[in-house]
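For the record, the sequence lines run as chains A and B. According to numbering that gives the first Met the number 0, the first sequence is numbered sequentially starting from 0. According to numbering that gives the first Met the number 0, the second sequence is numbered sequentially starting from 0. Take a look at the structure below.
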Amino acid sequence: MALLDLHPRVHATKVIERCELAQGVTLLTLHAPQLASAVRPGQFVMAIPPSGESAATALAVYDISGKHASILFFVTGKRTSELAGLAPGARLDVVGALGNGFDCAGNQRDVAIVAGGVGIASVWLCAKALLARGARVRLFYGARTAELLVEAQRFADVGCELILTTDDGTRGERGFVTDALRRAAPPEAIFACGPSPMLRCVGQIANELEIPAQLSLEETFGCGVGGCWGCVVALTARSDRAPNFPPAQRGGSDVVYARVCKDGPVFLADELRW
Amino acid sequence: MTPSLATRLGKLELAYPTLMGSGCYGSGEEFAPFADLSKIGGIVLKSVTRLPRLGNPTPRLVHTPAGMLNAIGLQNPGIEWYLERELHKYKDRPCKIVGSVAGFSIDDYAYVCERLAARDEIEAVELNVSCPNVAREGETFGCDPDLTERVVAAARATTDKPLIVKLSPNVTDITAVARQAERAGADALAVVNTVRGMAIDVESWRPRLGNITGGLSGPAIRPIAVLAVYEVAQAVNIPIVGQGGIENLSDALEFFLAGATAISIGTANFTDPRIPQRIAGELQAYLARRNLGSISEIVGRANVGISTAYQYEGDEG
Chain A
0 MALLDLHPRV HATKVIERCE LAQGVTLLTL HAPQLASAVR PGQFVMAIPP
50 SGESAATALA VYDISGKHAS ILFFVTGKRT SELAGLAPGA RLDVVGALGN
100 GFDCAGNQRD VAIVAGGVGI ASVWLCAKAL LARGARVRLF YGARTAELLV
150 EAQRFADVGC ELILTTDDGT RGERGFVTDA LRRAAPPEAI FACGPSPMLR
200 CVGQIANELE IPAQLSLEET FGCGVGGCWG CVVALTARSD RAPNFPPAQR
250 GGSDVVYARV CKDGPVFLAD ELRW
Chain B
0 MTPSLATRLG KLELAYPTLM GSGCYGSGEE FAPFADLSKI GGIVLKSVTR
50 LPRLGNPTPR LVHTPAGMLN AIGLQNPGIE WYLERELHKY KDRPCKIVGS
100 VAGFSIDDYA YVCERLAARD EIEAVELNVS CPNVAREGET FGCDPDLTER
150 VVAAARATTD KPLIVKLSPN VTDITAVARQ AERAGADALA VVNTVRGMAI
200 DVESWRPRLG NITGGLSGPA IRPIAVLAVY EVAQAVNIPI VGQGGIENLS
250 DALEFFLAGA TAISIGTANF TDPRIPQRIA GELQAYLARR NLGSISEIVG
300 RANVGISTAY QYEGDEG
């Protein structure tokens, strides 16, 4: 078997298919053989804007299949709008695969995946890896409204148990996904991606119940490769992921600022000091 | 014959006229998988201070329509830790390495400069007297010509290595600061650092940066920077590193024509890490197309002679 080339690089990809999953939610499938063979669950790419008129955009690699890799994203501004406008056949250069993804190799049999909104894009590969090693996977998935619970059925189809929530109650339980997690029977491990307030709450629940939790953080990236220190998060100084920096005192404990893009984006709940 | 892109900043010889801006290129290692470091002139390292700095709270970055606001706040491990555990990483880079010094007093600058300049891993020192993100203290030096002169003189006394002073655009007359930096012994000037800016979230009514204000970079500031280079070039006799929103060949040429001897690329690395190499290749092709032998032949050649002839007497606009 050929060795996989895991080194990040610039990949010249081609858009194979564009699909609007809901208003403002786009799935782009790219012909990207090297990227597809190198990416691990929870990793991301920096998409180079074809117009060159703005900074690159960090996007989770949603799925891989053969020579294809796909990205799923919400259109929130100029940069994502440009990407959403790419028609099949268009070229898109991406830098990747970047960051430390989820470690799916544990031996927990009963795991929870928690996704909020666009966070769903980071957890599909994770769910597949966990199911492949025989774990029971419960997906706690929350969004503002029913229409934005994109791809939920796909997770159900491969064997995930769905616990859905919406802010407006149009599908699943009304309320936050973290409330549903709190009410549920505790899992043995948690994997989560979503907005910061959600992740903070998931981290609290995990720490209270002493459940190992891997949280994929969202932060505005500059370079995406660790060069600018624009996307930092405070870690306990004893964390393995903490960069080689002298610790500083904050809130009575030693902390070190780590880069979400390079040292993460996935961190353990008990190493984070928000 | 292939035109030469080699250039000099005082004693600092660069094979390519492209520096990677401080704080934008890490140690070079982060970008090495995507860019050929042997095809760039040099990397200006992230600024280091006397004591460790945790930096500013998050969010530290905001993308705006034509550029980026940042407020990193000089996060760095402090000079002692830096010398002991960081500097060795830069030893084998295939391009020039420029250290960068920031401080909060003249003593600070001189101390850090002396400690840093004593090391072989770096070949020149940039004095960052213009960071807009440290509660205004840092920028005070670069905004006051006399203070700039004293800082540069103090740093100059500590080292023979080429000294590049990075100037702030947030001043009324950048040429006054430039002249005094030159008088104090600067070998070159980097023109300019970021422009102070702010963004507010209209839903939460809160500033979008943890530090409230930040420094704007990217194409939005390019005309400001080109003008600053043009004006400074008339005022001093030392080389200038032009910087501010350079993203392509045309942008780079503007800076050379305005009077820059080298250019520095910062935010554009965040758009596409291949940009510096592409610009170098395109510069060479541009010079060849015009039968020019070297980049130095276009420095300061902007043809501005005609404009004054069309001014009307009594026109105050």
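Cβ atoms here follow ideal geometry from the backbone N, Cα and C, with glycine treated the same way.
Residue 0 of chain A in three-state terms, based on DSSP
Interpretation of residue 0 of chain A is limited by its pLDDT of 40, a score under 50 that renders its predicted location unreliable; the figure taken from the coordinates is listed afterwards. Three-state result, residue 0 of chain A: coil.
Evaluate residue 177 of chain A with the Cβ neighbour count: other Cβ atoms within 10 Å of its Cβ, from every protein chain shown; 16 or more gives buried, anything less gives exposed.
buried
Which residues in chain B have a C-beta closer than 9 Å to the C-beta of residue 8 of chain A? List them in chain order.
32, 33
Once you ignore the five residues that flank residue 23 of chain A on each side, which residues in its own chain have a CB closer than 7 Å to its CB?
73, 74
Give a yes or no on whether the C-beta atoms belonging to residue 236 of chain A and residue 211 of chain A are separated by under 7 Å.
no
Interface residues of chain B facing residue 192 of chain A [CB-CB closer than 8 Å]
Near residue 192 of chain A there are no residues of chain B at all, since even the closest Cβ is about 18 Å away, more than 8 Å.
Just checking: is the beta-carbon of residue 71 of chain B within a distance shorter than 7 Å of some beta-carbon in chain A?
yes
Should the region 190 to 206 of chain B be called in touch with the region 22 to 35 of chain B, which here means at least 3 C-beta pairs below 8 Å?
no
Identify the residues that DSSP records as bridge partners of residue 95 of chain B: which are they?
B/41
Less than 7 Å between the beta carbons of residue 230 of chain A and residue 260 of chain A, yes or no?
yes
Since residue 52 of chain B sits in a beta bridge, which residues does DSSP pair it with?
B/75
Hey, would you say residue 224 of chain B sits closer than 7 Å to residue 65 of chain B, going by beta carbons?
no
Coil, strand or helix - residue 10 of chain A by DSSP:
strand
Exposure of residue 215 of chain A, with buried meaning 16 or more beta-carbon neighbours within 10 Å:
buried
Using a C-beta cutoff of 7 Å, does residue 204 of chain B count as contacting chain A?
no
Residue span of the alpha helix (DSSP H) that contains residue 204 of chain A, given as start and end
195 to 208
Residue 111 of chain A beta carbon less than 7 Å from that of residue 137 of chain A:
yes
Once the 5 residues before and after residue 214 of chain B are set aside, which same chain residues still bring their CB inside 8 Å of it?
68, 69, 70, 130, 131, 132, 192, 193, 194, 195, 196
With distances taken between CB atoms, is the gap from residue 55 of chain A to residue 68 of chain A smaller than 7 Å?
no
Would you list, in chain order, the members of the region 99 to 110 of chain A that have their beta-carbon closer than 9 Å to a beta-carbon of chain B?
none
Please classify residue 1 of chain A as buried or exposed, where buried requires at least 16 other C-beta atoms within 10 Å of its C-beta.
Legend: pLDDT at residue 1 of chain A = 46, less than 50; position of this residue unreliable, no value from coordinates given.
Length of the line joining the Cα atoms of residue 107 of chain B and residue 149 of chain B:
12 Å
With 7 Å set as the bound, which would you pick, yes or no: does the beta-carbon of residue 259 of chain A sit closer than that to a beta-carbon of chain B?
no
So if DSSP puts residue 99 of chain A in a beta bridge, which residue, or which two residues, is it bridged to?
A/264
Do the region 199 to 211 of chain B and the region 177 to 185 of chain B touch if we need at least three Cβ pairs shorter than 8 Å?
no
Quick one: list the residues of chain B neighbouring residue 79 of chain A, beta-carbon separation under 7 Å, in chain order.
Under the 7 Å cutoff, chain B gives no residues; its nearest Cβ is about 11 Å from residue 79 of chain A.
To be precise: take each residue of the region 241 to 261 of chain B, compare its Cβ to all Cβ atoms of chain A, and keep it if any distance is under 8 Å. Which residues remain?
246, 247
Comparing C-alpha positions only, which one of B/154, B/169, B/112, B/114 sits nearest to residue 139 of chain B?
B/169
Under 7 Å (Cβ pairs) to chain A, residues found in the region 6 to 31 of chain B:
22, 23, 24, 25, 29, 30
Residue 164 of chain A bridges to which residues according to DSSP?
A/141, A/172
Let me confirm a value: residue 93 of chain B is counted as buried when at least 16 other C-beta atoms fall within 10 Å, else exposed. Which label applies?
exposed
Please report the straight-line C-alpha distance between residue 148 of chain A and residue 141 of chain A, rounded to a whole angstrom.
7 Å
My parser needs the alpha helix (DSSP H) runs of 4 or more residues fully inside the region 16 to 71 of chain A; what are they?
32 to 37
Taking the alpha-carbon positions, what's the residue 300 of chain B to residue 284 of chain B distance?
18 Å
Give a yes or no on whether the minimum CB-CB distance between residue 270 of chain B and chain A is below 7 Å.
yes
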